[in-house]
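Numbering (full-length UniProt numbering), first residue to last: 1 to 182.
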C-alpha cells in the first residue's frame, strides 16, 4: 500500500532588506532643497557692493570650496574651469561680467547654475541665502536701466527695503559666446 506523503511547500527565508539602495538615495539628495513648483524662491548673494539672485530652480549646487583650473584663451569674465562629478564646468567671475566694484571679502562662493544645455559656475562675493519669493515682492525691470544693464536682468526682487537684481543665467552665457579670447 502506498502512502501519500504530505506535500510540503518549500519554506522561503525572508531576505533582509538591503540598505544599499537607501544609502544611494540618501547620497544623491541635492544640496539645496527645491521648493514646490508653484512657489518661487531665490538664491541671493552679493557681487561687489550690489545684491543679486538666481531663480532657485536654476541652481544645481553651491560650492564653498573649489579649485579653479586656469585655461588660456578664454574671454575676460571666465576665470577657468572646475572639475565637478567628472565633468568640466566653466566658471565666470560675476564681478567682471557685471562690471561691479571689486571688494575685499573673506568668502567666495561658486554657484553651479543650469544655463540651458550646459552648466556654468558663477563666483559670488558672499554666502548664499535662500529666500522664498513670498518674503518680498517681485517686480518687472524698471525703464531706468540702460540696454547694457538690462540684458542680464529679468526683474527686481524687493526684500526688506533692499532691491535685488534677478539675473538671467542663459542670457549671460549667450552674451559671452561672441567675446574675443584673452
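Heads up, the beta-carbon is just placed ideally off N, CA and C, and yes, glycines get one too.
{"Check": "My output table needs one value for residue 93: the three-state DSSP class, helix, strand or coil.", "Outcome": "strand"}
{"Check": "Quick one: is residue 144 buried, meaning 16 or more other Cβ sit within 10 Å of its Cβ, or exposed?", "Outcome": "exposed"}
{"Check": "Could you check which residue in 161, 167, 139 has the C-alpha nearest to that of residue 152?", "Outcome": "167"}
{"Check": "Per the DSSP calculation, residue 41 is bridged to which residue(s)?", "Outcome": "132"}
{"Check": "Could you check where the beta strand (DSSP E) with residue 173 kicks off and where it finishes?", "Outcome": "Here residue 173 belongs to no beta strand (DSSP E); instead the alpha helix (DSSP H) covers 169–176."}
{"Check": "Under 8 Å between the Cβ atoms of residue 95 and residue 59?", "Outcome": "no"}
{"Check": "Taking C-alpha atoms, which residue in 69, 54, 63, 93 lies nearest to residue 82?", "Outcome": "69"}
{"Check": "Quick check on DSSP: helix, strand or coil for residue 141?", "Outcome": "coil"}
{"Check": "For residue 51, which residues does DSSP report across the bridge?", "Outcome": "46"}
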